[in-house]
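Protein chains: 2
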Amino acid sequence: MINTPYLLFLGDAPDSLSVKVARGIRDWRPEYAIAQYRMNDCNADLGIPDMTLMEAREAGAQTFVIGVANRGGTISENWKEILLQALEHGFDLASGLHQQLKRDHLIVFTADKYQRQLFDVRIPQREYPIANGEPRTGKRCLTVGTDCSVGKMYTSLAMEKEMHRRKLKATFKATGQTGILITGEGIPLDAIPADFMAGAVEWLTPNNDEDHWDLIEGQGSLFHISFSGISLALIHGGQPDALILCHEPTREHMRGIPGYQLPSLEALRDLSLQTAQIANPDCKVIGISINTSELTDKEADEYLDKVENRMGLPAVDPYKTGAGRLVDALQELP
Amino acid sequence: MINTPYLLFLGDAPDSLSVKVARGIRDWRPEYAIAQYRMNDCNADLGIPDMTLMEAREAGAQTFVIGVANRGGTISENWKEILLQALEHGFDLASGLHQQLKRDHLIVFTADKYQRQLFDVRIPQREYPIANGEPRTGKRCLTVGTDCSVGKMYTSLAMEKEMHRRKLKATFKATGQTGILITGEGIPLDAIPADFMAGAVEWLTPNNDEDHWDLIEGQGSLFHISFSGISLALIHGGQPDALILCHEPTREHMRGIPGYQLPSLEALRDLSLQTAQIANPDCKVIGISINTSELTDKEADEYLDKVENRMGLPAVDPYKTGAGRLVDALQELP
């Protein structure tokens, strides 16, 4: 588990798109986002205070989070001196980059010297058991998608926010690096050895209060041939009681594989439910989350209406209108 | 790729069950099984010549294969001196044990000294790409199961044997440690990081002659919650043209998870085909392989007849009668 709160490092970000991780933290865990640290040529701004390393330490920040990604996922040479200074000032470092902090000798040496921790959130931090499939107490809701990158993480986080607003017991459970950096914990499912995928999901979502919901971040898609095995491990390890279907309606083909068309929401519903009921016969599909960011407001409203009528399930864009109706549907479950 | 042929090490095997790996090599790659090496208190016998290390080297053996498993999958202290002598005599070592050869300092030191190779076949030997889903030339046949350990590897190997007998182009493709030791190559799919499972299967089964069949060893089951993700990665990475359903009719519950019942062959057929057709719309289920080892001959015959009539597909026990009718069905495909 990563120590919070954070000082968010935006580095020399060329634009606001490249600080997606930092923005996720600011949006979903504002209490962790004490301040931002920007280099002179940074073109991104999260709208939170700028602080020096010392000011942020004095304000209580524990971890210096690399909230910026460059092409190739490397640790930029321009950042190195600042990362070393952060360790010297008493920060732990956390990174979701492909290039590992723990593979950089100078960073490791400096972290040892100041007894600080390094978190490479793409790398499993422990071993996981093989899934045993035993029923667990508490409830679990999983987001499943017609494709990768259609809003599964965002939907789970939006549901958590709304459930906390209603004083319901709920915990977002991160299964990818952005989610782990946002919440400070989770499993990097895509890096876990195949035998232990479902067991890692069981470990992540253990027994809990009967009225508690784990909101599990989905990954990939049962219909995306590159990552479908990960999606099925989430369905079988997660033993969900409820599924939310996630979709982006303007996508022309499955992400990264041009020869493959997206499935219909009906096909996603049926295959997800059929496989989920192997582990939990009571599992139900309770709602639909549509990422309408590429549609006009009018198009979005019409699309949501159409989907809702066709599928007989609440269909919302939680980006635009919150996850209230999805949480209503969870609460209506017996 | 492991150098062949082999000297098969049976160690101090307490019984013939514990030399399953060595027997697999003898049965399926007799040309690799030059001889066996047994310690004084060995209770197993493969019925092939016993040779000393020197005799086997002179007969051409290249690799000393640990063909015996003890409880816990460790390298027994009693074996150590012989393994070191084998390296000294010029053998490479290959092992499917849980405890790695490469983690034993004395074995590593000795292998370096004699410039020999160590193969821990449970550990991926390279990195694999993310699956791209592009169509490939050649044909592929995958075994899928109602459960783990129902005869998927055996079925694929039996089909390869029969196809070679008919002078057809076919290659068994190993995806687990026993299969890798039998053939000397393959992928340890259960140890590959989740993101790369399907890509590893694509790498294993690349473009080939139009009339060549890769016979892919299946793993797990879509219905086994611990390992279903691995099975789906095989289906989507393998892009099979043909599926064989594998089943063991006396199993009372899914292996290792007592609360879970086996699916029907119909359910296996439907879910396997539906998921396989995402990657290859022309995929067909062409036959059924039943492990009847727990039935009497009469029971087996009746069961096979019943399944064949019910499913409308050839149903055989390749252990007992060979895989001829499964290969007939492959050959009848357009």
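Order-wise, the sequence lines are chains A and B. For reference, each letter of the first sequence is one residue, going 1 to 334 in this note's numbering. For reference, each letter of the second sequence is one residue, going 335 to 668 in this note's numbering. Just so it is clear, CB atoms sit at the ideal spot from N, CA and C, and this is done for glycine as well. These numbers were taken from a predicted model, which means no experiment stands behind them.
Practice problem: State yes or no: is the C-beta of residue 225 of chain A within less than 8 Å of the C-beta of residue 532 of chain B? | Solution: yes
Practice problem: Using a Cβ-Cβ cut-off of 8 Å, state whether residue 639 of chain B counts as contacting chain A. | Solution: no
Practice problem: Could you tell me whether the stretch 317 to 328 of chain A touches the stretch 343 to 351 of chain B, using the rule of 3 or more Cβ pairs below 8 Å? | Solution: no
Quiz item: Mind checking if residue 266 of chain A is an interface residue toward chain B, Cβ cutoff 8 Å exclusive?
Solution: no
Practice problem: Check the DSSP bridge columns for residue 367 of chain B and list the partner residues they point to. | Solution: B:340
Quiz item: Taking 8 Å as the CB-CB cut-off, is residue 100 of chain A touching chain B?
Solution: no
Exercise. Tell me whether residue 440 of chain B is buried or exposed, calling it buried when 16 or more other Cβ atoms sit within 10 Å of its Cβ.
Key: exposed
Exercise. Please report the residue range of the beta strand (DSSP E) in which residue 63 of chain A lies.
Key: 63 to 66
Exercise. Could you tell me which residues DSSP puts in a beta bridge with residue 428 of chain B?
Key: B:399 and B:453
Quiz item: Listed from N- to C-terminal order along the chain, which residues in the stretch 182 to 212 of chain A have their beta-carbon within a distance smaller than 8 Å of any beta-carbon of chain B?
Solution: 189, 190, 191, 192, 193, 194, 195, 197, 198 and 199
Exercise. Answer yes or no: does any C-beta atom of chain A fall closer than 8 Å to that of residue 465 of chain B?
Key: yes
Quiz item: Can you tell me whether residue 288 of chain A is buried or exposed, with buried defined as 16 or more other CB within 10 angstroms of its CB?
Solution: buried
Quiz item: Is it buried or exposed for residue 408 of chain B, if we count other Cβ within 10 angstroms and need 16 for buried?
Solution: exposed
Quiz prompt | Spatially closest choice to residue 624 of chain B from B:546, B:527, B:567 and B:477, by CA coordinates | solution = B:477
Quiz prompt | Cutoff 8 Å; reference residue 114 of chain A; Cβ partners in own chain excluding five residues on either side | solution = 87, 88 and 90
Quiz item: Residues of chain A with CB under 9 Å from residue 476 of chain B, in chain order?
Solution: Residues of chain A passing the Cβ test: none, with the nearest at roughly 14 Å.
Quiz item: residue 550 of chain B CB to nearest chain A CB: under 8 Å?
Solution: no
Quiz prompt | Environment of residue 78 of chain A [buried if 16+ CB atoms lie within 10 Å] | solution = exposed
Self-check item: Outcome for residue 342 of chain A when other beta-carbon atoms lying within 10 angstroms are tallied against a minimum of 16
Solution: Residue coverage of chain A in this structure runs from 1 to 334, which leaves residue 342 of chain A outside it and unanswerable.
Exercise. Taking residue 430 of chain B as the reference, give the member of B:631, B:491 and B:521 with the closest Cα.
Key: B:521
Quiz item: chain B partners of residue 223 of chain A, CB-CB under 7 Å?
Solution: 612
Practice problem: For residue 611 of chain B, collect the residues of the same chain with a Cβ closer than 8 Å to its Cβ; drop the 5 residues on either side in sequence, then sort them by chain order. | Solution: 617
Quiz item: Do we get a CB-CB distance below 8 Å when we pair residue 236 of chain A with the residues of chain B?
Solution: yes
Self-check item: Proximity to residue 207 of chain A [Cα-Cα], best of A:136, A:69, A:245 and A:248
Solution: A:136
Exercise. Decide yes or no for the touch test of the stretch 592 to 604 of chain B against the stretch 635 to 647 of chain B: beta carbon pairs closer than 8 Å, at least 3 of them.
Key: yes
Exercise. Tell me residue 547 of chain B's beta-bridge partners as DSSP assigns them.
Key: B:473 and B:504
Quiz prompt | Buried versus exposed call for residue 333 of chain A [16 or more other C-beta atoms within 10 Å across all chains shown] | solution = exposed
Quiz item: Where does residue 485 of chain B sit, in a helix, a strand or coil, going by DSSP?
Solution: coil
Quiz item: Would residue 149 of chain A count as contacting chain B if we go by Cβ distances under 8 Å?
Solution: no
Self-check item: Where residue 564 of chain B meets chain A, residues with beta-carbon distance less than 7 Å
Solution: 194 and 229
Exercise. Quick one: give me the first and last residue of the beta strand (DSSP E) that residue 262 of chain A is part of.
Key: First-last for residue 262 of chain A: undefined, no H or E at that position.
Quiz item: Whose Cβ in chain A lies nearer than 8 Å to the Cβ of residue 292 of chain B?
Solution: Absent from the model: residue 292 of chain B. The displayed extent of chain B is 335 to 668, so no value can be given.
Self-check item: Between the CA atoms of residue 167 of chain A and residue 189 of chain A - distance to the nearest angstrom
Solution: 29 Å
Quiz item: residue 591 of chain B CB to nearest chain A CB: under 8 Å?
Solution: yes
Exercise. Run down chain A in chain order and give the residues with a C-beta less than 8 Å from the C-beta of residue 392 of chain B.
Key: Result: empty, since nearest Cβ-Cβ is about 40 Å, beyond 8 Å.
Quiz item: Can you list, in chain order, the residues of the stretch 605 to 630 of chain B whose Cβ is nearer than 8 Å to any Cβ on chain A?
Solution: 605, 608, 609, 612 and 613
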